[in-house]
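Peer 1:
Numbering (my numbering), first residue to last: -1 to 447.
1) DSSP state of residue 307, grouped into three classes?
2) From residue 173 to residue 256, what distance separates their C-alpha atoms?
3) With the cut-off set at 8 angstroms, would you say residue 348 and residue 363 are in Cβ contact?
4) Which residues mark the beginning and the end of the alpha helix (DSSP H) in which residue 228 is found?
5) Given residue 75, which residues of its chain have a CB within under 7 angstroms of its CB, disregarding the five upstream and five downstream residues?
6) Between residue 136 and residue 315, how many whole angstroms is the CB-CB distance? I'm expecting something under 8 angstroms.
7) Report the residue from 57, 372 and 342 whose alpha carbon sits nearest the alpha carbon of residue 127.
8) Tell me, please, which residues DSSP counts as bridged to residue 141.
9) Using DSSP bridges, identify the partner residues of residue 299.
10) Under three-state DSSP, which class holds residue 191?
11) What separation, rounded to the nearest whole angstrom, lies between the Cα atoms of residue 198 and residue 321?
12) From the DSSP output, in three-state form, read off residue 155 for me.
13) Under 8 angstroms, with one C-beta from each stretch per pair, do the segment 276 to 291 and the segment 68 to 85 reach the 3-pair mark?
14) Quick one: complete alpha helix (DSSP H) runs, 4+ long, within the segment 37 to 98?
15) Can you have a look at residue 237 and say buried or exposed, based on whether 16 or more other CB atoms are within 10 angstroms of its CB?
16) What number of angstroms, rounded off, separates the C-alpha of residue 130 from the C-alpha of residue 287?
17) For residue 261, which option in 419, 351, 354 and 161 has the closest C-alpha, if you only look at C-alpha atoms?
18) Touching or not, the segment 294 to 306 and the segment 148 to 163, by the rule of three or more beta carbon pairs under 8 angstroms?
19) Near residue 318, what residues of its chain come up, given a Cβ to Cβ distance below 6 angstroms and the 5 sequence neighbours on each side ignored?
20) Tell me which same chain residues have a C-beta within less than 7 angstroms of the C-beta of residue 334, skipping the five on either side of it?
21) Please list the terminal residues of the continuous alpha helix (DSSP H) segment that includes residue 105.
22) Starting from the Cα of residue 77, find the closest Cα among 99, 407 and 25 and give me that residue.
23) Could you name each continuous alpha helix (DSSP H) segment of 4 residues or more that falls completely within the segment 315 to 391, going from the start of the chain to the end?
24) When DSSP labels each residue in this structure, what does residue 431 get in the three-state scheme?
25) With a threshold of 6 angstroms on Cβ separation, who are the neighbours of residue 409 within its own chain once the five nearest residues in sequence on each side are excluded?
26) Considering just the uninterrupted stretch of the alpha helix (DSSP H) at residue 259, what are its terminal residues?
27) With 16 as the cutoff for other CB atoms within 10 Å, does residue 325 come out buried or exposed?
28) Under 8 angstroms, do residue 42 and residue 112 count as touching if we go by C-beta distance?
29) Buried or exposed: where does residue 358 fall if 16 or more other Cβ atoms within 10 Å of its Cβ makes it buried?
30) Going straight from the alpha carbon of residue 412 to that of residue 271, what length do you get?
31) Of the residues 441, 443 and 431, which one's Cα is nearest the Cα of residue 72?
32) Using the Cα positions of residue 353 and residue 233, report the straight-line distance between them to the nearest angstrom.
33) Within a Cβ cutoff of 7 angstroms, which residues of the same chain sit near residue 35, ignoring the five residues on either side of it in sequence?
34) What do you reckon, are the CB atoms on residue 433 and residue 70 nearer than 8 angstroms?
35) State buried or exposed for residue 441, treating a residue as buried only when at least 16 other CB atoms are found within 10 Å of its CB.
36) Answer yes if the segment 184 to 193 comes into contact with the segment 235 to 250, meaning at least three C-beta pairs across the two stretches below 8 angstroms, and no otherwise.
This is the structure:
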């Protein structure tokens, strides 16, 4: 007769045999090969006072592994917390063996403590492991640049002015609620600004749109004056050591600076009909570091440009994150130099697209001992001079095309299309984490085969 239920609980730990579990096991083995990077990262977790009381907190290794797991599975912090509670494979990978899983706020705070330099150290260890395991030799390199978007809405002058007014009004309201005895000259213009914003968007008449802009600018200037008045009132409390007042003052000062910039660019562009250069524009009050990027005839992107160097194994050997809308040719030499110095990768052949093409870049590559150099369009020399045989040319051309697939996969599967972390430092960290999990995934699949 079949048993109705199992009366005795099993003591052994359940072992998952899923594809993801095997992949995480391989990734874990790669990370365990050299853990010296953990000591370097730990410098960012030091606290001014040591105490034997209270919770011990997450280990540095747990923080790194949880961050990689989050990016690998494209989880929110809330979903990450749930998965770590429910999924045995994830918990084993993160080395959270017993006790409660850290709450989502704790996970967030710990992950954000690791700076971009820390993630770059981890990336170096992974590339070193790839060479030792025979996954990547580093003899063939392909380069390409791509854009990673900031997490912002499409910027228009009206939307940006509206953002400034509503955010500053909200903070001032918070200050008045926190310090009811504080006298601040203030009137909430949020509704009025919202109406003008909608009129700018919906009207078809240029004259009416300009009138709406003028009124929105007037409201914005008044809000700026209220902001300055509030900062002056908070200054006294800051001198007295009030921490909350210091936080409010810092927030208001940052948004006030953004408001002044946006008022200036709106007046120049809308009222004066002046063409404002991209470097003088502010495209977000929340992600002020965002650049305006245009690659050829493709749509304009608001974020940052990165230079990726890939290998024959499809691994991304290096990632360079720089501010501005630089041309590919400018950073070709720096890309090669970084590969040599940071990762001890000395390529014998290199392939790039036409954006990197120049006689100067070709001569530099040859001087560094690179035997075959390919730009997929003619520069000052003929292609026959750059690559000795047509067979080698075709082979390198096909090899170069592979990095397009790597970029596409990294964007679709590992979040490199759009950064969801806030701030310039966090933007760099996010990109590095995306590159690292992309590489770890490829290495794990290669080792499983």
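Built from N, CA and C at the ideal position, the CB exists for glycine as well.
Peer 2: This is what the structure holds:
1) strand
2) 20 angstroms
3) yes
4) 204 to 237
5) 102, 105 and 106
6) 7 angstroms
7) 342
8) 307
9) 291
10) helix
11) 32 angstroms
12) helix
13) no
14) 58 to 71, 75 to 84 and 86 to 92
15) exposed
16) 38 angstroms
17) 161
18) yes
19) 305
20) 363 and 366
21) 102 to 110
22) 99
23) 330 to 341, 357 to 365 and 381 to 384
24) helix
25) 415
26) 241 to 264
27) exposed
28) yes
29) exposed
30) 42 angstroms
31) 431
32) 51 angstroms
33) 119, 120 and 123
34) no
35) buried
36) no
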